[in-house]
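Just so you know, we're using the UniProt record's numbering here: the sequence shown kicks off at 1 and counts up by one.
From the three backbone atoms N, C-alpha and C, an ideal C-beta is built for every residue, glycine too.
Note that the structure is predicted; figures quoted are calculated from it, not measured.
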Amino acid sequence: MTKYVPVAEQSEEDLKWMREALAMAQDAFSAAEVPVGSVFVRNGELIAKARNRTNELMNATRHAELEAIDYILSIFPPKTENFPLSPHSGPPGDNPFAETTLYVTIEPCIMCASALRQVGIKRVCFGAGNERFGGNGSVVPVHSDPMLKNAPPYEAVGGFYREDAIMLLRRFYLTENVYAPNPRSKAKRVLKTVFQPPGVSMHGPNGQNLKKPSSRQRIRSGNNTRSSTPGGTSDASGSGAEAMSSSTSALPPKHPVEIIKNAGD
Ligand SMILES: [Zn+2]
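Following this line, the structure appears as structure tokens:
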């Protein structure tokens with residue numbers, strides 16, 4: 001289960017660092033990368049910041065989190081030989097992630113969540129959930145699954161500047177993706193400014209994806225597409241976060257609000 005911190009309960013410390021992560025996401029946007037940014041903070045000090053570089057490096061694993069992990073291990077290499085199998089087995093201070101919080105604009109994907117657990121991150125704060133690929137509870141709770149024995153679980157909480165993180169993705173997916181195999185015209189798309197509550201599932205009770213209704217269905221239901229998509233969509237899933245693991249694809253948005261507004265589809 002994904003945990004969200006209500007806005008009223010979010011600390012200024014967490015918000016301060018999330019603003020830094022958002023700046024990195026904006027940097028990714030400017031570089032035509034899927035706009036996800038991250039910063040790593042160790043004992044109140046920023047030790048790394050990174051953004052997606054999947055397009056630049058033609059490598060789908062180059063997510064912001066993995067970019068930063070590689071950098072941190074290069075400047076704070078653990079001395080204990082057991083680090084890869086038991087990240088906290090060394091003396092205090094040996095593992096650079098043991099007292100480190102990751103701030104990332106979108107919930108880490110399953111790949112990154114696993115890597116973060118392997119290196120023994122202490123805590124993850126994210127902006128918007130990632131219902132397609134999220135590894136902190138939206139899809140798979142990699143951060144806390146007791147089946148994983150070699151690395152301790154870590155705390156993961158979301159909801160920090162969530163709407164800002166989503167809007168960056170929505171703006172990105174309104175642009176033409178020059179890296180897409182078959183670039184689609186986005187001329188008719190409208191920037192959505194309405195948000196579902198965090199954690200509302202876009203999946204049906206059996207886990208199936210809820211399909212966008214046809215034009216005929218919308219007419220029959222008086223354009224009330226919310227009633228024909230009972231699960232709604234959540235967080236970044238309707239804004240393009242689903243394409244993070246494959247930055248070369250531009251998946252169609254699934255947010256019901258867009259379906260209502262976008263009469264030309
Ligand atoms: Zn990732």
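Checklist entry - Helix, strand or coil: how does DSSP classify LEU102 here? => result In this structure, DSSP gives LEU102 an extended state, which the three-state scheme calls strand.
Checklist entry - Beta-carbon separation of GLY134 and CYS109 under 9 angstroms? => result Yes, the pair counts as a contact, with Cβ atoms nearer than the cut-off.
Checklist entry - Is any heavy atom of ligand 1 found at a distance shorter than 8 angstroms from the C-beta of PRO141? => result No; taking the cut-off as 8 angstroms, the Cβ of PRO141 has no heavy atom of ligand 1 nearer than that.
Item to check | Bridge partner(s) assigned by DSSP for SER38 | outcome: For SER38, DSSP records a beta bridge to ALA50 and VAL104.
Next on the checklist: Just verifying my parser: in three-state terms, what is the DSSP assignment at GLU9?
Outcome noted: GLU9: helix per DSSP, three-state reduction.
Checklist entry - Just how far apart, CA to CA, sit ASP145 and PRO198? => result Using only the alpha carbons, I get a separation of about 22 angstroms.
Next on the checklist: Are there any heavy atoms of ligand 1 lying less than 8 angstroms away from the beta-carbon of CYS112, as far as the coordinates show?
Outcome noted: Taken from the Cβ of CYS112, at least one heavy atom of ligand 1 lies inside 8 angstroms.
Item to check | Best match in GLU13, ASN82 and PRO6 for proximity to ASN150 [C-alpha to C-alpha] | outcome: Looking at GLU13, ASN82 and PRO6, the one whose alpha-carbon comes closest to that of ASN150 is ASN82.
Checklist entry - Hey, quick one: how far does the beta strand (DSSP E) through VAL140 stretch, first residue to last? => result Element bounds for VAL140: n/a, residue is neither H nor E.
Checklist entry - Considering only the beta carbon of each residue, do TYR103 and ASP14 sit closer than 9 angstroms? => result In this structure, ASP14 lies closer than 9 angstroms to TYR103 by Cβ.
Item to check | Cβ neighbour criterion (16 or more within 10 Å) applied to LEU169 | outcome: Buried, by the Cβ-count rule.
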